[in-house]
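**Q** Next up is a structure, given as structure tokens.
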Amino acid sequence: MKIKLNDTNNGIIIFTKCDSEDLIITKCVIQLNEDFEHFFSQITKDKVKNDTCFNKISITMNRNPSEDVSIFTKRLSLNLKKHIGNFIKLRFSQSLKVEISVKIQDNNFNDIGNVKLEDIINSQNLDVAKVSVVANNEKCQHFYFLIKKNVPLIESVNIKNEIIWGFPIVPNITFIKGESNNFSYKWYLQYNINEAKTKHDILPNLPENVIEIDQNYICDLKAEFTNKEEMSKILENIENYSIIFRIMLNSEISSLFDTIYRFNHINKPLEACWREERINRFKGDLKLSPELNVNRLKIVTFNILSEICAQTDKALNEMYTSCPQYALHSNYRRSLLARELIDLNADIIGLQEVQSCLYESFIHILMEFKGYSGVFNSDYASVTTFYKRELFNLLESDTILFKKMLINDYPEIVKEIKVKWPNFIEYLLDKILTVFQIVVLEHKITNVIYVFANTHFYYHPFGGHVRILQAKLLMDLIEKYLKRLRLSFPSKEVFTFLFGDFNTLAISDARTLFTEGIINSNSSEWIHSTLLNYNKKERSDSNDEQCENVNGHLNEDELKNLELHSLGFDLQTNNRCIDLLDIHLDKKYNNIQIRHKEKERIENADSKGFSSSLYYPFTNKVNRFSGQLDYIYLVEEEAFSDKFNIFLNNFLPYIDEAALSPINTLPSPQYPSDHISIGIDISITKNEN
Numbered sequence: 000m001k002i003k004l005n006d007t008n009n010g011i012i013i014f015t016k017c018d019s020e021d022l023i024i025t026k027c028v029i030q031l032n033e034d035f036e037h038f039f040s041q042i043t044k045d046k047v048k049n050d051t052c053f054n055k056i057s058i059t060m061n062r063n064p065s066e067d068v069s070i071f072t073k074r075l076s077l078n079l080k081k082h083i084g085n086f087i088k089l090r091f092s093q094s095l096k097v098e099i100s101v102k103i104q105d106n107n108f109n110d111i112g113n114v115k116l117e118d119i120i121n122s123q124n125l126d127v128a129k130v131s132v133v134a135n136n137e138k139c140q141h142f143y144f145l146i147k148k149n150v151p152l153i154e155s156v157n158i159k160n161e162i163i164w165g166f167p168i169v170p171n172i173t174f175i176k177g178e179s180n181n182f183s184y185k186w187y188l189q190y191n192i193n194e195a196k197t198k199h200d201i202l203p204n205l206p207e208n209v210i211e212i213d214q215n216y217i218c219d220l221k222a223e224f225t226n227k228e229e230m231s232k233i234l235e236n237i238e239n240y241s242i243i244f245r246i247m248l249n250s251e252i253s254s255l256f257d258t259i260y261r262f263n264h265i266n267k268p269l270e271a272c273w274r275e276e277r278i279n280r281f282k283g284d285l286k287l288s289p290e291l292n293v294n295r296l297k298i299v300t301f302n303i304l305s306e307i308c309a310q311t312d313k314a315l316n317e318m319y320t321s322c323p324q325y326a327l328h329s330n331y332r333r334s335l336l337a338r339e340l341i342d343l344n345a346d347i348i349g350l351q352e353v354q355s356c357l358y359e360s361f362i363h364i365l366m367e368f369k370g371y372s373g374v375f376n377s378d379y380a381s382v383t384t385f386y387k388r389e390l391f392n393l394l395e396s397d398t399i400l401f402k403k404m405l406i407n408d409y410p411e412i413v414k415e416i417k418v419k420w421p422n423f424i425e426y427l428l429d430k431i432l433t434v435f436q437i438v439v440l441e442h443k444i445t446n447v448i449y450v451f452a453n454t455h456f457y458y459h460p461f462g463g464h465v466r467i468l469q470a471k472l473l474m475d476l477i478e479k480y481l482k483r484l485r486l487s488f489p490s491k492e493v494f495t496f497l498f499g500d501f502n503t504l505a506i507s508d509a510r511t512l513f514t515e516g517i518i519n520s521n522s523s524e525w526i527h528s529t530l531l532n533y534n535k536k537e538r539s540d541s542n543d544e545q546c547e548n549v550n551g552h553l554n555e556d557e558l559k560n561l562e563l564h565s566l567g568f569d570l571q572t573n574n575r576c577i578d579l580l581d582i583h584l585d586k587k588y589n590n591i592q593i594r595h596k597e598k599e600r601i602e603n604a605d606s607k608g609f610s611s612s613l614y615y616p617f618t619n620k621v622n623r624f625s626g627q628l629d630y631i632y633l634v635e636e637e638a639f640s641d642k643f644n645i646f647l648n649n650f651l652p653y654i655d656e657a658a659l660s661p662i663n664t665l666p667s668p669q670y671p672s673d674h675i676s677i678g679i680d681i682s683i684t685k686n687e688n
């Protein structure tokens, strides 16, 4: 029996050398077609009895490259014997004695031996596998299959977020000798009322009567049907449907190369809430002038609540008791997070509390697909900054650890700290994991250079003294960058933004240092250095941003008994910051215009450090705490106000506390974090006057 050497419709045997390990992945895929059925029906003397029996065999094995081909073919023969025996039982309701022999052949159909598996991959001549099937010691037939070498393969597919109608599905695919662009993707809906449904299945073929809903790597799961009645019917019974994910190799036509997964549980769509309204307002058409449009920048920062922090005893028993347990589960929250990031559609997105596993297996995949590039340092996992590739070129980036910068660059301050704050260096500093992530981008249209600093300051309610130092070091770091960039790009404009979770309230000294550029040694928060017990082992689950006395203020009598200047430092910075969330900026600066004027904020019951001049009444809201901890600053260099005009086109809207009812706190079944995302829409133009 001769075969066409380009025919892969009947079966294939793949040999792919693994790049990451010293392995050869072998995959044998055989279509049990009419030739097989005819051969066995001659022996069983029976027609097919089971039309639903499987009709494809797929066997994957990991082998050593130096393994002799005879050992491999014996192993494959045993596997095929088992699968073909099961096929005969199911298809014909009979048992036959079956013997299988596999041989590797050259292009002239000569058996070869005395070679290793790696020789098959390296040879230009070994392209055929002969599978000989003997049934009941009387009938024998030879089947021939092509050998394909170093074909990109799919090792596994995982979906690590809950499948909810209307939310993105983000697959985590492990590739062997390939990457995502070697494949094409299709998503389908299948009505599946099988009561014995598993979490997921690997299917041999694409089932019949499926509805195609997407053709992208990531499925938005927002299929719109022409027949609205049909769509309504599907949504009413969505829990009886499965999602099918088909992955097709671009270089091959045959469906034998397809990988097909079925995921067997879809949650009903969530009801719309306050989130949709704020997203729509932030994305609305503002009808800006051409000058404002070309200089327009949408910046969002979001503490996404790390998966570890959401599951600590303190989180479950104190901070998030109003939130149902299922809504704190990482897979559920990932779906909400994916929707939030996609819907925001900002030019720059800074995230905090990002774990390495979440970044690599989920967020990075999602954002890359949506047109973003990200900066992330797995050694200092906590923050990541994404930017739209179509708008920016990355010039440089770095992630600096606060504690290393303090020790290496500020020996005089460290020397004084050892005297003023005994045991701080020895017992606390090493536990402080704050980083400053610096990302320098060039705008592809305007050639403006933007410096973005993303950070997450020390969390402890009595850590005000630490946060002052962090603010000082961050501003000094930014100054170094600005001096160097202005020397390197003397003809280009350079603008710098700081954003993140600063764990500082409006009344905090760290915020004062940012906006005023100076803090004295007698400032009240230096007293925090006496309130932290450095010898006491920090609780591993302390993510306490909702202490009753979040800024650690003492009463007047206690303050009188302390010499604050003996605890603190006189600090100043050469540049100041403009708090872009201050709704009174246009009264303080002649060069700032706020497009949408807002009413004064009303303090709510759990507010800490409330300021009616800040746009957001709160950015973090948990049990017994509500306050603004997240900020977006613009660094104001010398004569900045004379050179440039600032237009605050829009804010990512604040949340009315009443809208959170009945849970009244965050996170919730509609929102993934205890912080809200905050954002600005800003244009900076030259002052021609």
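In terms of numbering that gives the first Met the number 0, the sequence shown has 385 at position 386, counting the first letter as 1, and numbering is strictly consecutive.
Even glycine gets a Cβ: it sits at the ideal position worked out from N, Cα and C.
#1: Leaving aside the five residues before and after Asn644 along the sequence, list all residues of the same chain whose C-beta is less than 6 angstroms from its C-beta, in chain order.
#2: Under the three-state reduction of DSSP, which class applies to Val133: helix, strand or coil?
#3: Glu98 bridges to which residues according to DSSP?
#4: Quick one: what does DSSP say Glu544 is sitting in, helix, strand or coil?
#5: Looking at the secondary structure, which residues open and close the beta strand (DSSP E) in which Arg245 lies?
#6: Which term fits Gly626, buried or exposed, when burial requires 16 or more other beta carbons within 10 angstroms of its beta carbon?
#7: Whole angstroms are fine: how far does the CA of Leu476 sit from the CA of Ile437?
#8: At 4 residues or longer, what runs of the alpha helix (DSSP H) sit wholly inside the region 314 to 401?
#9: Can you tell me which of Val374, Arg594, Asp569, Asn121 puts its alpha carbon nearest to the alpha carbon of Glu411?
#10: Check whether the Cβ atoms of Lys159 and Phe361 lie closer than 8 angstroms to each other.
#11: Give every residue of the same chain whose Cβ lies closer than 6 angstroms to the Cβ of Phe256, excluding the five residues on either side of it in the sequence, and list them in chain order.
#12: I need the DSSP call for Val418, collapsed to helix, strand or coil.
#13: Is it buried or exposed for Arg689, if we count other Cβ within 10 angstroms and need 16 for buried?
#14: For the beta strand (DSSP E) holding Glu635, just list the boundary residues, first then last.
#15: By Cβ distance below 6 angstroms, which residues in the same chain neighbour Ile348 in space, the five residues on each side in sequence not counted?
#16: Name the DSSP beta bridge partners of Pro170, please?
#17: Output yes or no for whether 8 angstroms exceeds the beta carbon distance between Ile119 and Phe14.
#18: Could you work out which residue in Ile192, His199, Ile168 is closest to Tyr184 when comparing CA atoms only?
#19: Exposed or buried, which one is Ser565 when buried takes at least 16 other CB atoms within 10 Å?
#20: On a CA-only basis, which of Asp342, Ala337, Leu343, Cys308 is nearest Ile364? Give me that one, please.
#21: Within the same chain, show all residues whose beta-carbon is closer than 7 angstroms to that of Asp578, passing over the 5 residues directly before and after it, in chain order.
#22: Excluding five sequence neighbours on each side, which residues of the same chain lie with their C-beta closer than 6 angstroms to the C-beta of Gln93?
#23: Over the uninterrupted beta strand (DSSP E) stretch that includes Ala452, give me the two end residues.
#24: Please determine, among Ile518, Pro64, Leu296, Leu77, the residue with the shortest C-alpha to C-alpha distance to Thr572.
#25: Under 8 angstroms, with one C-beta from each stretch per pair, do the region 23 to 39 and the region 49 to 66 reach the 3-pair mark?
#26: Hey, would you say Ser676 sits closer than 8 angstroms to Leu651, going by beta carbons?
#27: Pull up the distance between the alpha-carbon of Ser100 and that of Lys73, whole angstroms please.
#28: In the DSSP assignment, what are the bridge partners of Arg295?
#29: Is Leu125 near Pro64, with beta carbons less than 8 angstroms apart?
#30: How far does the alpha helix (DSSP H) with Lys148 in it reach, from first residue to last?
#31: I need the straight-line Cα distance from Leu432 to Val418, nearest angstrom please.
#32: Hey, how far is the Cα of Val493 from the Cα of Ser507?
#33: Among Arg295, Tyr458, Ile265, which one has its Cα closest to the Cα of His442?
#34: Just list the residues that DSSP pairs Ile56 with in beta bridges.
#35: Quick check: the Cα distance between Glu339 and Phe498, rounded to an integer number of angstroms?
#36: In three-state DSSP terms, what is Gly84?
**A** The relevant details are as follows:
#1: Asn590, Thr684, Asn686
#2: strand
#3: Beta-bridge pairing links Glu98 to Val133.
#4: Bear in mind that the predicted position of Glu544 carries a pLDDT of just 37, short of 50, making it unreliable; the figure below should be weighed with that in mind. DSSP places Glu544 in coil when its eight states are reduced to three.
#5: 240 to 248
#6: Classification of Gly626: buried, given that the 10 Å Cβ count is 16 or more.
#7: 9 angstroms
#8: Listed in chain order, they are 329 to 343, 363 to 368.
#9: Checking every option, the nearest Cα to that of Glu411 belongs to Asp569.
#10: yes
#11: Leu248
#12: helix
#13: The structure shown has nothing for residue 689, since the chain only spans 0 to 688.
#14: First-last of the beta strand (DSSP E) with Glu635: 629 to 635.
#15: Val299, Phe385
#16: Ile158
#17: yes
#18: Ile168
#19: By the neighbour-count definition (other C-beta atoms within 10 Å, threshold 16), Ser565 is an exposed residue.
#20: Ala337
#21: Answer for Asp578: Thr514, Tyr630, Tyr632, listed in chain order.
#22: Excluding five sequence positions before and after Gln93, the CB atoms of its chain that fall closer than 6 angstroms to its own CB belong to Thr43, given in chain order.
#23: 448 to 455
#24: Ile518
#25: Yes, since at least three Cβ pairs between the region 23 to 39 and the region 49 to 66 fall closer than 8 angstroms, the two stretches touch.
#26: Going by C-beta atoms, Ser676 is nearer than 8 angstroms to Leu651.
#27: Computed Cα separation, rounded: 7 angstroms.
#28: Ser682
#29: no
#30: Element bounds for Lys148: not the alpha helix (DSSP H) but the beta strand (DSSP E), 138 to 148.
#31: C-alpha separation (whole angstroms): 23 angstroms.
#32: 28 angstroms
#33: Of the listed residues, the one whose Cα sits closest to His442 is Arg295.
#34: In DSSP, Ile56 forms a bridge with Ile29.
#35: 18 angstroms
#36: Three-state result, Gly84: helix.
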